[in-house]
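Engineer: So that we are looking at the same thing, I have put the structure below in C-alpha cells.
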Amino acid sequence: MLMTRHKKRKTMKRSGAKLLAPVVVAAAAAVAARPGWAQAAPYPDPGRRGDPASWRTPEFTNAWGLGAMHAEYAYAAGYTGANVAIGVLDSGYYAQHPELPDSRFVPVTAAGVSGVLNPNNNNHGTLVSGVVGGARDGVGMHGVAPDATVYEGNTNATDGFRFGVSDPKFPASDAKYFAEAYDALAAKGVRIISNSWGSQPANENYSTLNKLTDAYKLHEAVRTATGRGTWLDAAAKVSRDGVINNFSSGNTGYDNASLRGAYAYFHPELEGHWMTTTGYDQLSGQVYNQCGIAKWWCVMAPTGVPSTSYSGGAAAPTGATYANFNGTSAAAPHASAALALIMERFPYMTSEQALSVLFTTAQNMEPDPSRPDYTNNGLFSTVHPAKPGASGVPNAFGGWGLVDLRRAMNGPGQLLGTFNAALPAGTADVWSNDISDVALAARKREDDAEHRAWLDTLRTKGWEHGLPAGASDGDRIDYALGVARETAYQAREYQGSLVKSGGGTLTLAGANTYRGPTTVDGGELRIDGSIAARAVVNPAGRLTVNGRAADIAVNGGVATIAGTSANLSIDRQGRAAVTGTTADVRVASGFASLGGTSGNVAVGALGVAAITGRTADVAVDGGRASLDGASGNVAVGNGGVVSGSGTVRTLTAAANGTVAPGHSVGTLTVSGDVRFAPGSIYAVEVSPGGAGDRIVAGGRAQIDGGALALALENTPPPLTPEQSRSVLGRRFEILNAAGGVAGRFDAPSGYLFVNPVLAYGPTTVSLTIDRNATPFASVARTANERGVADALETADPGSAVYNSVLFAASAQAPQATLAQLTGEIYPAAYAALVNESRQVREAALERLWTARGAPGRAGAWARLLGAWGSARGGDVNGYTSSTGGFLAGADAALLDSVRAGGFAGYSHTGVNLRNQPSSASFDSFHLGAYAGWQPGALGVRIGAAHAWHRGGVDRAVQYGAVAENETTALHAETTQVFGEAGYRFALDGAATLEPFFGVAYVHLKNQGTTETGGAAALRVRQGNHDVTFSTLGVRGETRLGLTSRLQLTLQGSAGWQHALTDGQPSGTLAFATGSDTFTVSSVPVAKDAAVLNVGAGLELGKNGWLRVGYSGSLASRQSEHAVQGSLHWKF
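FYI, in mature numbering (1 follows the signal peptide of the UniProt record, and there is no 0) the residues of the sequence shown are -40 to -1, 1 to 1091.
Take a look at the structure:
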C-alpha cells in the first residue's frame, strides 16, 4: 500500500520526498539517456563471488534498502533469486519497463484479467515489481532478487481501493475474484505472494486488540450473512496449501498491523505461511503500523526507496521512469524478495523453514528513547527512532526486527519448534549462526498467561461445557477464536529441536543453545561448534563432534567424537569412536572405541568397548572390554570379559566374569590389587613359542577360587612337533603380585587331554602343561572311532594328527577328526563288491533258465546291466554305490538234458561314503562257467565265477586347520560258487511256475596298500571276507501270442535271501607313519532281504530272443536295484 491518511493518527506525507529526490532524478536521467533499451549491450556486472563490496555499485546504493538488509552478502554467496518463483498481487505492472524483462516477469491471468497494467490500475504494482526483482543492469536501481522469476497477478484496481469486507467502488474485491487470483498464482508454483495492494477501510481501527477483533468480526458477519468467505479466505486457502502470504502492515501508524497482516492471530494454523511487514526508515526508525499482536510473524524492511514507474496514465503510459516508493507497500516486497533469496540459499528447506530463517536472523530492533521522533527531512510525518536489540525475542515495535540477509545466509538463528533439516544425499551445508530458542521461552510465558486468561473467561461466561444455545454472534466468534488459540497453545512446541534427515551432511559451526534434542535420522551431522542439549543418533545417522556436545545417545547409528561431549550411551548395535573427551560412557549394545579421555565406562551384555585412551572406572557387566590404555578401577562379572595390555588401578573379577590379558598373548598391568571371586574365570593363553598371558600387579592378589581356563594362542591344532614340545612340560608365570598372593584357583580347565598344573609362590602363580590320563577314546562315539582313537594313542606324539586331538578344548573337534580318520571307505568298498557279485550269478542262472527249452541247440548271449545301491548303518557310515557293465557267454547241450557254457565280462563300480568325503572306484573283469540239468520238471543249475578288481581310494581329511587328501590304489579279487534247484509246474499250455532253492558262497580277498598324502594317511592290511547266501523263492513264466509268428514272454520271481554267515565287512588298518592296528567295519551285508526279478522277452524270428528286466534286493537298511537288457541267440 502507498500512503493513506487517518483522522486520528497521521504518520506520513504524500509528498516531500526530499532525501530520495536526487536519487530518483538521477535514475530517471540515466534511463532517458539510454536509447534503445531492448538493444542495450549485456551489462558486465562487477559483482564477484566471495566479495560483498564488489556488489555495491551505484545501482545498488541508489536502492539503499539493499544495503540496509545486507543483500550484497547474499549476492556474494551466489544467491540472486534464480530458480525461485515469487508471486506479486497488485495493480498490474508496466511490462515495457527495461527493469522488468519478460524473460523473468510473467503475467498471470485470473477471471480474464491479466497481470499486465490496464486502465483500471495505477503505478503501484510497477513500483512493487521493481523492488522485488528489478534487473541489475547498471542503470537506475535493481530489485532485491534481480534474477528471480516474478509471476504478476492483478487486483484490477488501483491502490486506492479498500481491502475491507467489500468496496462498492471496486467489486473486484469480492472473494470469488481473489480466489481465482490467488489460485492462479499458486498454480504457477510460487512459494511466496507479496501483497501491498489496497488501502485501509475507513471503518476499521487497529489501535488495540479489541478494535482489531471488531474488524475481524466484520468479515465473520459477511460469512454468516452470505454463507461464503471473504477475500481473506481466498488468501488463507493457498497459505494452508503451503504458499506464504506477505502483507504490508498498513500506513496509518497504529500499534497493530492491519487485520490482514494480523490474520494469523485469528487463525493460528496459518502461522508459518503468513507474515506481515512494517516499515524501516533510512535513518534507523520504525514507520507506519507497528507489528503489535502480529509480532510473531512480522519483520521490518526498508521503505522510502526509488523503484520502477512510468510516465503518463495507466490507460496510455508514455515511457519508463523511476519514482519514490514509500509506505509499507515498499517494505513488504523487500521482505518477500529477501525470503526468495533465503529459499534459493537453502533449497532443501520447506517454505515454512525458510520463513523461520528470515524471522530468526533478522536484527532485533527496539525503540531508542535517546532520540525523539523525527520526519526524515519531511519525508514522513512521524518516525519512531529504533536501535538494535539483543533479546532475540520479537516485540510489538518491529516484530523480529530488520531483515538481515548477511546473517540469513548462515542458517537459522533460532529453532521455532522441531526443524527437520532434510538434506538430500550428495549435498552438504554449514549453519554458522549461534542457534537458540529464546523466543520460544518468551512465547511460552506469554501463551501461559493467555491460557490462564482463557480459562478465566470460560468460567466467567459459563462456557466450560461449550456455548449455550442462542449465543450471540459476538460470543460465537469470541468462543471460536478462544478455542482456536487454545488448540494452538496445546499443540505448540516451546523448545527448539533439530532433526537431521536425508543422506546429506549438515555442519553446525555456531554456539547453539536451543533446548530440545538433536536427532540424526539420516546422513551426517557435524558439530564443529557446540550444542547444549542431548543428541540422538538413529540407525541411518552419523554424528561427528569436533566441537562440544551435551549427552549423546547412539541408538543404532555412528558417532565420532574428536571434540568434547557429556555422557555417551550406545544401544541398538550403535558404534562410537572417541578421540576427544567424554564424560561417562555406557555401552548397552554396540561398540565403543575409546581412544581419548572418558569418565566411567559401563559395558552391558551386548556391548563391546575398546579402550586405548584414558578412562575412569570400568564396569563390564556381561559385555567385553579391551583395556589397552589407562583406566581406573575395573570390575567384570555376569558373563563379561576384559582383555588387553593396558594399565588399570585395580582389577576385580566377580562370579562369571572373565579376565583374559592381551589380545592373544599379553600382559595386563594393575597398579593396585587384583581379586578373583568365586566363580570368576582367569583365561590364560600360552604360545607354542614359549610366551604366555600374565597379570602383573603392584599390589596384592587375592584369589578366592575361580576357574583357570587354558587356551593356545591363536594356534588352531595341530601343533608342529616343535610347538608341542615347547608347550608340554614348560613353566609359564601367569600372575605376579608385588604385594603377595593369597588363596588358590579352582582346579584348572581348558583341554581334554592335557592338564594345567598350578604352582603358587609368595608373589607368583605359575602354570605347567602335562598330558593327563584321559584316553582319546573317551570322546569316541562309535566302535570305529574308538578303534582309531586307541591306535592314535600309539602314534608318534609329534604327529600333527596326534596333536590335533591332544590339544582339543572340547569333544566336538576330536570327534570330527576321529570320524574322518577311521577309513570306513575300505570295508564299505568290500561290501559293495560282495553285493555286486549278485549281478553276475543272476546273469548265469537266468541264462540257464531261459535256455532250458532249447535242448540240443547251441547258443550265445549278451547282457547289459546297470545297478545302484544304498546302505545305511547304525553307528557306522552308510554308503551309496553304482555299477555298470556287460557280460557275454556261450553254451551248448552236452546231453539231451544237460547244458554247459562259460562267460566273461567287464564292470565299473563306484562307492561313496555317506557323511564323509571318501570314495572308491573299481574296474572289474569277470570270468565264469555254468551248467544245468533239466531232465523234466526238475531243474538243477550251478556255476562259478571269479573277478579281478582294480581300483583306488580317495579320502579328504580335515583335522584342526589342516586339510589333506589321502589316496591309494586298491586291488581285490572275488570268487563265488552258486547253485539252485527248482521244480516246474505247468499251469496251462502257456504258463509255468517253479519253486526254487539256491545257495551262493562269495569270497573276497583284498590286497594290502598304503595311502599317500599326509599325516592322516593309513596302511591297509590284506584281508579275506566270506559270505554265504541262501535263497528260497518262486519264479513263473507265461507266453502271450501277439501274432501268429510273434510271442511275448513275461517272467518274474520273488524270494527270500538269507545270509548264512556273518556278513559284516571289516578292514585292518594302521597309521602309515606308525601305530598299532585297528579294525574298522562297514554296514553288514543284510541278514535277510527280499529279492525280486521281473522281465519281458520278445522273440526275434526263429533263433533270437530279446529280454529287458529289473531285479532288486530290499532289506531294512540296504537296497539294490538293477536294470538289464539281454540278447539270446540259438544256433
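We treat Cβ as the ideally placed atom computed from N, Cα and C, and that holds for glycine.
Name the residue from T335, E784, G896, S396 whose alpha carbon lies nearest to the alpha carbon of V917.
Structural biologist: E784
Engineer: Mapping DSSP to helix, strand and coil, what is L375?
Structural biologist: coil
Engineer: For V1083, which option in G845, S432, A975, L873 has the closest C-alpha, if you only look at C-alpha atoms?
Structural biologist: G845
Engineer: Taking all protein chains shown into account, do 16 or more other C-beta atoms lie within 10 angstroms of the C-beta of T742, making it buried, or fewer, making it exposed?
Structural biologist: Within a 10 Å sphere around the beta-carbon of T742 sit 16 or more other beta-carbons, which makes this residue buried.
Engineer: For F65 and A108, what's the separation of their Cα atoms in angstroms?
Structural biologist: F65 and A108 have their C-alpha atoms roughly 9 angstroms apart.
Engineer: Could you give the distance in angstroms between the alpha-carbon of N732 and the alpha-carbon of L688?
Structural biologist: 11 angstroms
Engineer: Tell me where the alpha helix (DSSP H) around P787 begins and ends.
Structural biologist: Note, P787: alpha helix (DSSP H), 785 to 810.
Engineer: Note down, in chain order, each residue of its chain lying with its Cβ closer than 7 angstroms to the Cβ of K1090, except the 5 sequence neighbours on either side.
Structural biologist: A814, R817, G819, N1063
Engineer: Starting from A850, follow the beta strand (DSSP E) in both directions and report where the run begins and ends.
Structural biologist: 839 to 855
Engineer: Can the beta-carbon of V1045 be found less than 9 angstroms from the beta-carbon of Q1078?
Structural biologist: Yes.
Engineer: What residues are listed by DSSP as bridge partners for R546?
Structural biologist: Residue pairing by DSSP puts R546 in a beta bridge opposite S529, A562.
Engineer: I want to know whether the segment 451 to 462 touches the segment 355 to 375 - three or more CB-CB distances under 8 angstroms.
Structural biologist: yes
Engineer: For L468, which residues in the same chain have their Cβ closer than 6 angstroms to its Cβ, ignoring the five residues on either side in sequence?
Structural biologist: W391, I487, G489
Engineer: What residue range does the beta strand (DSSP E) around T467 cover?
Structural biologist: T467 -> beta strand (DSSP E) spans 465 to 468.
Engineer: Would you identify the three-state DSSP class for L383, choosing helix, strand or coil?
Structural biologist: coil
Engineer: Give me, in chain order, the residues of the same chain whose beta-carbon lies closer than 6 angstroms to that of G25; leave out the 5 immediate sequence neighbours on both sides.
Structural biologist: P262, V265, H294
Engineer: Can you find the residues in the same chain that come closer than 6 angstroms, C-beta to C-beta, to T618, ignoring five residues on each side of it along the sequence?
Structural biologist: V601, I641, A643
Engineer: Can you tell me which of V353, R910, W360 puts its alpha carbon nearest to the alpha carbon of L318?
Structural biologist: W360
Engineer: What do you get for F945, buried or exposed, if any count of 16 or more other CB atoms within 10 angstroms of its CB means buried?
Structural biologist: exposed
Engineer: Report all residues from its chain with a CB closer than 6 angstroms to the CB of T539; omit the five preceding and five following residues, and keep chain order.
Structural biologist: A522, G555, G556
Engineer: Taking the alpha-carbon positions, what's the S586 to A385 distance?
Structural biologist: So the alpha carbons of these two residues sit roughly 36 angstroms apart.
Engineer: Can you tell me which of the three DSSP states I152 falls into?
Structural biologist: strand
Engineer: Could you check which residue in S709, N715, G700 has the C-alpha nearest to that of residue 1105?
Structural biologist: Absent from the model: residue 1105. The displayed extent of the chain is -40 to 1091, so no value can be given.
Engineer: Between the Cα of L1029 and those of R16, D416, L781, Y1070, spot the shortest distance and give me the residue it belongs to.
Structural biologist: L781
Engineer: Excluding five sequence neighbours on each side, which residues of the same chain lie with their C-beta closer than 6 angstroms to the C-beta of G47?
Structural biologist: If the five residues before and after G47 are omitted, its C-beta is found closer than 6 angstroms to the C-beta atoms of Y111, L145, V150, I153, all from its own chain and listed in chain order.
Engineer: Could you tell me the distance, in whole angstroms, from the CA atom of V748 to the CA atom of L778?
Structural biologist: 7 angstroms
Engineer: With DSSP run on the structure shown, which of helix, strand or coil describes S351?
Structural biologist: coil
Engineer: Tell me whether the beta-carbon of S709 lies closer than 9 angstroms to the beta-carbon of F767.
Structural biologist: no
Engineer: What are the boundary residues of the alpha helix (DSSP H) that includes residue 1092?
Structural biologist: Limits of the chain in this structure are -40 at one end and 1091 at the other, which puts residue 1092 out of reach.
Engineer: Near A868, which residues of its chain fall below 8 angstroms by C-beta distance, leaving aside the five closest residues on each side in sequence?
Structural biologist: Looking at the sequence provided, one finds His at residue 868 rather than Ala. Taken in chain order, the residues that qualify are T843, G844, G845, S881, F882, D883, S884.
Engineer: For F65, which three-state DSSP category applies?
Structural biologist: strand
Engineer: Comparing alpha-carbon positions, which option in L1006, S553, V608 lies nearest T541?
Structural biologist: S553
Engineer: What number of angstroms, rounded off, separates the C-alpha of S432 from the C-alpha of G239?
Structural biologist: 38 angstroms
Engineer: Considering P774, what are the terminal residues of the alpha helix (DSSP H) in which it resides?
Structural biologist: 772 to 781
Engineer: Which residues mark the beginning and the end of the beta strand (DSSP E) in which S603 is found?
Structural biologist: 601 to 604
Engineer: One question on the structure: do Y790 and S1042 come within less than 9 angstroms of each other, judged by their Cβ atoms?
Structural biologist: yes
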